[in-house]
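Worksheet for the structure shown next.
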Amino acid sequence: MPATLATLDAKFPGAFATSAFRDNTRVEVAADKAPAVLFDLLKCLKDDRGFDFLADIAGIDYLNYPNATDRYGVVYALTNLATGERLFVKAFANDPDPALPSAVPLWAGADWMEREVYDMFGVVFDGHPDLRRILMPAEFTAHPLRKDYPLRGLGERHNFPTITRAES
Amino acid sequence: MALTGLMPDFLVTKLDYVANLVRKHSLWPMPFATACCGIELMATASSRYDIARFGSEAMRFSPRQCDLMIVAGRVVMKMVPVMQRVWLQMPEPKWCISMGACASSGGVFDAYATVQGIDRFLPVDVYVPGCPPRPEQLIRAVLDIQEKVTKTGTIDAREFAARSGYEGPTALAQELAPEEAIVAPGDFRTATRLRVPLN
Chain A
0 MPATLATLDA
10 KFPGAFATSA
20 FRDNTRVEVA
30 ADKAPAVLFD
40 LLKCLKDDRG
50 FDFLADIAGI
60 DYLNYPNATD
70 RYGVVYALTN
80 LATGERLFVK
90 AFANDPDPAL
100 PSAVPLWAGA
110 DWMEREVYDM
120 FGVVFDGHPD
130 LRRILMPAEF
140 TAHPLRKDYP
150 LRGLGERHNF
160 PTITRAES
Chain B
0 MALTGLMPDF
10 LVTKLDYVAN
20 LVRKHSLWPM
30 PFATACCGIE
40 LMATASSRYD
50 IARFGSEAMR
60 FSPRQCDLMI
70 VAGRVVMKMV
80 PVMQRVWLQM
90 PEPKWCISMG
100 ACASSGGVFD
110 AYATVQGIDR
120 FLPVDVYVPG
130 CPPRPEQLIR
140 AVLDIQEKVT
150 KTGTIDAREF
160 AARSGYEGPT
170 ALAQELAPEE
180 AIVAPGDFRT
190 ATRLRVPLN
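Chains as they are written, first to last, in numbering that gives the first Met the number 0: chain A, 0 to 167; chain B, 0 to 198.
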């Protein structure tokens, strides 16, 4: 893992911060750097450091989170299948148009995972081949896992016609 | 035989009575099973509980061959148009059982995507409480449907024409405003949640 971080430091000096939690190593890319750096950073990890498996993509909304500076976080959980190393790359995005480069050209498995993050948080992945909603209906307008979306919704769940017994 | 001359060789009854007698003993369920209630629905059809004793064992997976829809499980908003379409495809006369807490009221799933009771969108005849209900409760519901058919059924299904209005729940007297629902920020140190208005 130090070799990986050294490689990243040499190619992207000052573009990211690192932190660790137990045995997890995290690479954090701030919102102002992420659109330009993130794709190249992931590509470097895949091609140069052998992180060939994208295990998961997770979205986080840091609204009202203590000491948070950026609103949305997108976490890429990478695995090197040869060595068993794991690395978490966390990229940030902000309102009004949260956007990050898509990882689909690197890992085809990112397709549905990015669609889910887009559906739930509204983070747009530039370059995604088919960025549609994956869980919510297509006519849904909100992004329900955002912290400012009420738990019971805005009335979408009951926005259907009623069938009475006489007319059915 | 000696009794031949005493017994009438004809019978006077009503067509409604005959139709009800036939219909109630051969209800064909449409298993609209979306969650764990569906497992109990399957158990009800199994040999131990044996819904065949009441003539309802012929579960068909085409709505066009059914006359009793059993909605078993939670229904999300994406499923409502499907459920309504299945109901509309069933031939008359037809009945509907709302099985379990989720189908009847949303259950514990008071979230943005879960419908709070299918009776907001469909006419329901019998509700089955429980989470999930025991198979005996579902059999009881089928017996209730049979009783309803006996008491109200007509051969041309004209008893349904009177049910022209909305049959679902009325609005609560005091509904929790969306902005009063539980939202962030939480107090993460004590794992309690603060109710703070948005903005």
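Where a beta carbon is used, it is the ideal one built from N, C-alpha and C, also for glycine.
Would you mind reading off the limits of the alpha helix (DSSP H) that contains A:THR6?
It spans 1-10 - the alpha helix (DSSP H) in which A:THR6 sits, taken as one unbroken run.
If we cut at 8 Å on Cβ distances, does A:THR17 have a partner in chain B?
It does not: the Cβ of A:THR17 has no partner Cβ on chain B nearer than 8 Å.
Consider the Cβ of B:LEU121: report whether some Cβ of chain A lies at a distance smaller than 8 Å.
Yes, B:LEU121 counts as interfacial toward chain A.
Taking contact to mean at least 3 C-beta pairs separated by less than 8 Å, is the region 106-114 of chain A in contact with the region 141-159 of chain A?
Segments in contact, no.
So, does the region 95-108 of chain A touch the region 44-57 of chain A, judging by three or more C-beta pairs under 8 Å?
Yes, they touch.
Can you have a look at B:LEU10 and say buried or exposed, based on whether 16 or more other CB atoms are within 10 angstroms of its CB?
Flag for B:LEU10 reads exposed.
Taking only runs that begin and end inside the region 100-141 of chain A, name each unbroken beta strand (DSSP E) of 3 or more residues, in chain order.
As far as the region 100-141 of chain A is concerned, its whole beta strand (DSSP E) runs of at least 3 residues are 123-125.
Cβ closer than 9 Å: which chain A residues qualify as neighbours of B:ARG162?
Under the 9 Å cutoff, chain A gives THR163, ARG164, ALA165.
Identify, in the order they occur along the chain, each residue of the same chain with its Cβ nearer than 6 Å to the Cβ of B:ALA34, setting aside the five sequence neighbours on each side.
Same-chain partners within the cutoff: GLY72, ARG73.
If I measure Cβ to Cβ from B:GLU166 and keep anything under 8 Å in the same chain, skipping five residues before and after, which residues do I get?
For B:GLU166, where only same-chain residues beyond five positions count, the Cβ hits under 8 Å are ASP118, PRO122, VAL123.
What do you get for A:ASP94, buried or exposed, if any count of 16 or more other CB atoms within 10 angstroms of its CB means buried?
So A:ASP94 counts as exposed.
On the three-pair Cβ rule with 8 Å, is the region 134-153 of chain B touching the region 102-110 of chain B?
Flag = no, the region 134-153 of chain B and the region 102-110 of chain B do not touch.
Residues of chain B with CB under 9 Å from A:PHE159, in chain order?
Here the neighbours are MET76, VAL79, PRO80, GLN83, VAL114, ARG119, PHE120.
Closer than 8 Å is the cut-off here; do at least three beta carbon pairs connect the region 78-87 of chain A with the region 33-51 of chain A?
Contact holds: three or more Cβ-Cβ distances are below 8 Å.
Using only the alpha-carbon positions, how far apart do B:GLY99 and A:LEU150 sit?
If I take the Cα positions, the gap works out to 23 Å.
Quick check on the burial criterion: 16 or more other C-beta atoms within 10 angstroms. Buried or exposed for A:GLY126?
A:GLY126 is exposed by the Cβ-count criterion.
Tell me which residue opens and which closes the alpha helix (DSSP H) that B:VAL228 is part of.
Nothing about residue 228 of chain B can be reported from this structure: the residues present for chain B run from 0 to 198 only.
In this structure, does DSSP put B:ILE154 in helix, strand or coil?
In this structure, B:ILE154 counts as coil in the three-state DSSP scheme.
Fully enclosed by the region 103-129 of chain B, which beta strand (DSSP E) runs are 3 residues long or longer?
DSSP runs (the beta strand (DSSP E)) wholly in the region 103-129 of chain B: 125-127.
Keeping to the same chain, check which residues put their C-beta closer than 8 Å to that of B:TRP27; ignore five residues upstream and five downstream.
Here the set comprises SER55, ALA57, MET58, ARG59, GLN64, CYS65, ASP66, LEU67.
Can you round the beta-carbon distance between A:VAL118 and A:LEU134 to whole angstroms, since I take them to be within the 8 Å contact cut?
Here residue 118 of chain A turns out to be Asp, not Val, going by the sequence shown. Correct: roughly 5 Å between the Cβ atoms.
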